[in-house]
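**Q** Here it is: the structure, laid out below.
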Amino acid sequence: MRNYYDIVIVGGGVIGLTIARALALRGVRDVCLVERGNLGTEASWAAAGMLLPQVEADAADEFFKLACQSRDLYPGFAAALHEETGIDVELDTTGTLYLALTEHDHEEIHKRYEWQTQAGFSVELLSGAEARGLEPCISEATLGALRFPKDIQVENRRLLSALANSVTKLGVEIATQTTVESINIEGSRVRSVQTSRGAVDCPAVVIAAGTWSSFIKTAPVPAIEPIRGQMICLEARPQLTRHVIYSPRGYIVPRQDGRLLAGSTSEHAGFAKCVTAGGIAGILKNALEISPRISSLPVLDTWAGLRPRAADGLPVIGPCGEIDGLFYATGHYRNGILLAPLTGELISKAIVSSQR
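Converting from the sequence shown to the numbering used here requires adding 9 to each position, the first position being numbered 1.
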């Protein structure tokens, strides 16, 4: 590392990488991305890659609009990354089925269908038979379903590989195995960062460290807590399903190489990033409710990640109102992959505008 950069980005997950790329594409060349471990090996790596703002929304609030806007950037985002790096991030546009497996589920999907159609969003209401016609693997107990053609998925690990490849080609300097311990602020302005490898002068810092954002001293960083999510990877050859299949209690996500992901848990477990018997049992119960055929599939792998959650569950994105040169891009919780393209655009635009 040199002793000066125009911009230091703290965190090398999907958010930090996307911001670094967006800045480089805007012509900002003197950028250093600092990562405490290796690039893309925490929450971004553990995710399922679902881009489902409509599936998970109960109302058309501002966050929902933001999430839909970011999802709709993905076709161009994926195509640009492929052109830059040759890496296919496997953006699968088949869509998502949201199953109603109980009477309560059935009532809820009708409510969701009504407000989303009234708001002009793409959604189809299916009977149980129609849903099984699309995906024969789903449970006979399915009472109905919603099909969301625009709620899609990306292979998040290939996405991380493409982003890391892109920022390297664009000339972003990367410092892994390096911790940013504190930010030096003088006169309400960022002056430098103190890292485990020494001090680095910089007029601008982006905090994109996910769950570890709150460990950075001196700067007013919002409280970010870890929420553990466990996952199971099964082998489904031939593929069990084409759609992402979601229920109010779990989901299954098909990958092009024959893997089938099943998730997930949401646990307050501190920084214990481990897989538990109870977590796996719960995931399998919910996956089998979606499709009993899963019972015969081999288990290939299990893992856990720590999602970064702010107190209100919403992401913290934008410039700090009190300190010039300090920008936040953290607390994305369950939506880091989904919100990455838009976060990159918003933060890079804000930084470039502040330096004019």
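Think of the CB as a built atom: it goes at the ideal place given N, C-alpha and C, for glycine as much as any other residue.
Looking at Phe336 and Gly327, is the spacing between their C-beta atoms short of 8 Å?
**A** Within the sequence shown, residue 327 is the residue found at index 318, counting from 1. Within the sequence shown, residue 336 is the residue found at index 327, counting from 1. In contact: Gly327 and Phe336 (Cβ atoms closer than 8 Å).
**Q** Beta carbon of Val189, beta carbon of Val308: below 8 Å?
**A** Within the sequence shown, numbered from 1, the residue matching residue 189 stands at position 180. Within the sequence shown, numbered from 1, the residue matching residue 308 stands at position 299. Cβ atoms of Val189 and Val308: not closer than 8 Å.
**Q** I'd like the span of the alpha helix (DSSP H) that includes Tyr13, first residue to last.
**A** By 1-based counting over the sequence shown, the position of residue 13 is 4. Looking at the DSSP string, Tyr13 is not in any alpha helix (DSSP H), and its letter there is neither H nor E.
**Q** Using the three-state DSSP reduction, which class does Lys178 fall into: helix, strand or coil?
**A** As a working note, residue 178 is residue 169 in the sequence shown. Lys178: helix per DSSP, three-state reduction.
**Q** Applying the 10 Å Cβ sphere with the 16-neighbour rule, what's the burial state of Cys77?
**A** Taking the first residue of the sequence shown as 1, we reach residue 77 at position 68. Buried, by the Cβ-count rule.
**Q** Who are Cys242's beta bridge partners in DSSP?
**A** Along the sequence shown, read from residue 1 onward, the residue named residue 242 stands at position 233. For Cys242, which the question treats as bridged, DSSP gives the partners Leu270 and Asp310.
**Q** Which same chain residues end up closer than 7 Å to Ile299 when comparing Cβ atoms and leaving out the 5 residues on each side of it in sequence?
**A** Residue mapping note: residue 299 aligns to position 290 of the sequence shown, counting from 1. Leu108, Ile147, Ser148, Ile254, Ser256, Gly259 and Ile261.
**Q** Buried or exposed: where does Ser357 fall if 16 or more other Cβ atoms within 10 Å of its Cβ makes it buried?
**A** Here residue 357 refers to the residue found at position 348 of the sequence shown. Under this definition Ser357 is a buried residue.
**Q** Between Arg264 and the rest of its own chain, which residues show a CB-CB distance below 8 Å, the 5 nearest in sequence each way excluded?
**A** By one-based count along the sequence shown, residue 264 stands at place 255. So the qualifying residues of the chain are Glu99, Glu164 and Leu270.
**Q** Note down, one range per segment and in chain order, each alpha helix (DSSP H) of at least 4 residues found wholly within the region 127-163.
**A** Whole alpha helix (DSSP H) segments, 4+ residues: 137-143.
**Q** Any contact between the region 42-51 and the region 236-243? By contact I mean 3 or more CB pairs, one from each, below 8 Å.
**A** No, the region 42-51 does not touch the region 236-243.
**Q** Pick helix, strand or coil for Asp210, following the three-state DSSP scheme.
**A** Locating residue 210 in the sequence shown gives position 201, where the first residue counts as 1. Correct three-state label for Asp210: strand.
**Q** Assign Pro84 to buried or exposed, taking buried as 16 or more other Cβ atoms, counted over all protein chains shown, within 10 Å of its Cβ.
**A** For the purposes of this step, residue 84 is taken as the residue at position 75 of the sequence shown. When all chains shown are included, Pro84 counts as exposed.
**Q** Spatial neighbours of Arg246 within its chain, please: C-beta separation below 7 Å, excluding the five flanking residues on both sides.
**A** Translated into positions along the sequence shown, residue 246 becomes position 237. If we look at Arg246 and ignore the five residues flanking it on each side, its Cβ neighbours are Gly267.
**Q** Report back the beta-carbon spacing between Gly334 and Ala213 to the nearest angstrom; my notes put them in contact at under 8 Å.
**A** Start at 1 with the first residue of the sequence shown, and residue 334 comes out as number 325. Start at 1 with the first residue of the sequence shown, and residue 213 comes out as number 204. Right, the Cβ-Cβ distance comes to about 4 Å (below 8 Å), so this counts as a contact.
**Q** Determine whether the beta carbon atoms of Gly22 and Gly219 lie at a separation below 8 Å.
**A** Position 13 of the sequence shown, counting from 1, holds the residue named residue 22. Position 210 of the sequence shown, counting from 1, holds the residue named residue 219. Contact: yes.
**Q** Does the beta-carbon distance from Leu172 to Leu351 come in below 8 Å?
**A** If you number the sequence shown from 1, residue 172 lands on position 163. If you number the sequence shown from 1, residue 351 lands on position 342. Not closer than 8 Å, so no.
**Q** What residue does the beta strand (DSSP E) around Gln203 start on, and which one ends it?
**A** Here residue 203 refers to the residue found at position 194 when the sequence shown is read from its first residue. Val199 to Thr204 is the extent of the beta strand (DSSP E) around Gln203.
**Q** Leaving out five residues before and five after Tyr122 in sequence, what residues of the same chain have Cβ atoms less than 8 Å from its Cβ?
**A** As a first step, residue 122 must be located in the sequence shown, where it is residue number 113. For Tyr122, where only same-chain residues beyond five positions count, the Cβ hits under 8 Å are Val132, Leu134 and Leu155.
**Q** Spatial neighbours of Ile194 within its chain, please: CB distance less than 8 Å, with the 5 preceding and 5 following residues excluded, ordered by chain position.
**A** The sequence position of residue 194 within the sequence shown is 185, counting from 1. Excluding positions up to five away in sequence, the list reads Arg200, Thr227, Ala228, Ile332 and Leu335.
**Q** Between Arg302 and Ile233, how many whole angstroms is the CB-CB distance? I'm expecting something under 8 Å.
**A** Translated into the one-based positions of the sequence shown, residue 302 becomes position 293. Translated into the one-based positions of the sequence shown, residue 233 becomes position 224. The Cβ separation is near 39 Å, so there is no contact.
**Q** Beta-carbon separation of Asp444 and Asp39 under 8 Å?
**A** Since the first residue of the chain shown is 10 and the last is 365, residue 444 is not available in this structure.
**Q** Give, in chain order, every unbroken run of the beta strand (DSSP E) that is at least 3 residues long and sits entirely within the region 247-296.
**A** Entirely contained in the region 247-296, the beta strand (DSSP E) runs reaching 3 residues are, in chain order, 253-255, 260-263 and 268-272.
**Q** What's the C-alpha gap between Asp321 and Tyr342?
**A** Sequence index remark: in the sequence shown, residue 321 carries index 312 (1-based). Sequence index remark: in the sequence shown, residue 342 carries index 333 (1-based). Using only the alpha carbons, I get a separation of about 10 Å.
**Q** Please report how far the alpha carbon of Val17 lies from the alpha carbon of Ala217, in whole angstroms.
**A** Numbered from its first residue, the sequence shown carries residue 17 at position 8. Numbered from its first residue, the sequence shown carries residue 217 at position 208. Cα to Cα, the separation comes out at about 10 Å.
**Q** Using only the alpha-carbon positions, how far apart do Thr105 and Gly142 sit?
**A** Counting from one through the sequence shown, the residue named residue 105 turns up at place 96. Counting from one through the sequence shown, the residue named residue 142 turns up at place 133. Each residue's Cα considered, the two are about 14 Å apart.
**Q** Ile346: which of Leu61, Leu34 and Leu32 sits nearest, CA to CA?
**A** Position 337 of the sequence shown, counted from the start, is the residue given in the question as residue 346. It is Leu61 whose Cα lies nearest to the Cα of Ile346.
**Q** With distances taken between CB atoms, is the gap from Ser273 to Ile289 smaller than 8 Å?
**A** Along the sequence shown, read from residue 1 onward, the residue named residue 273 stands at position 264. Along the sequence shown, read from residue 1 onward, the residue named residue 289 stands at position 280. Not in contact: Ser273 and Ile289 (Cβ atoms no closer than 8 Å).
**Q** Would you grab the beta carbon distance between Trp312 and Leu169 for me? Rounded to a whole angstrom, and I think it's under 8 Å.
**A** In the sequence shown, residue 312 corresponds to position 303, counting from 1. In the sequence shown, residue 169 corresponds to position 160, counting from 1. Not quite, the Cβ-Cβ distance comes to about 14 Å (not below 8 Å), so this is no contact.
**Q** Could you give the first and the last residue of the continuous beta strand (DSSP E) run that contains Phe86?
**A** Position 77 of the sequence shown, counted from the first residue, corresponds to residue 86. Element bounds for Phe86: not the beta strand (DSSP E) but the alpha helix (DSSP H), Tyr83 to Thr94.
**Q** Would you mind reading off the limits of the alpha helix (DSSP H) that contains Ala33?
**A** Taking the sequence shown and counting its residues from 1, the one referred to as residue 33 is at position 24. Note, Ala33: alpha helix (DSSP H), Val23 to Leu34.
**Q** Who are the near neighbours of His91 in its chain, counting only those whose CB is closer than 8 Å to its CB and skipping five residues on each side?
**A** If you number the sequence shown from 1, residue 91 lands on position 82. Once the five neighbours on either side are set aside, the close Cβ partners of His91 are Asp97, Val98 and Ala171.
**Q** To which residues of the same chain is Ile183 closer than 6 Å at the C-beta, ignoring the five residues directly before and after it?
**A** Counting from one through the sequence shown, the residue named residue 183 turns up at place 174. Same-chain partners within the cutoff: Leu42.
**Q** Over the uninterrupted beta strand (DSSP E) stretch that includes Pro328, give me the two end residues.
**A** Taking the sequence shown and counting its residues from 1, the one referred to as residue 328 is at position 319. Residues Val325 to Pro328.
**Q** Kindly indicate which three-state DSSP category Asp321 falls into: helix, strand or coil?
**A** Sequence index remark: in the sequence shown, residue 321 carries index 312 (1-based). Three-state DSSP puts Asp321 in coil, outside helix and strand.
**Q** I need the straight-line Cα distance from Ile161 to Arg251, nearest angstrom please.
**A** Stepping through the sequence shown from its first residue, residue 161 is reached at position 152. Stepping through the sequence shown from its first residue, residue 251 is reached at position 242. Computed Cα separation, rounded: 11 Å.
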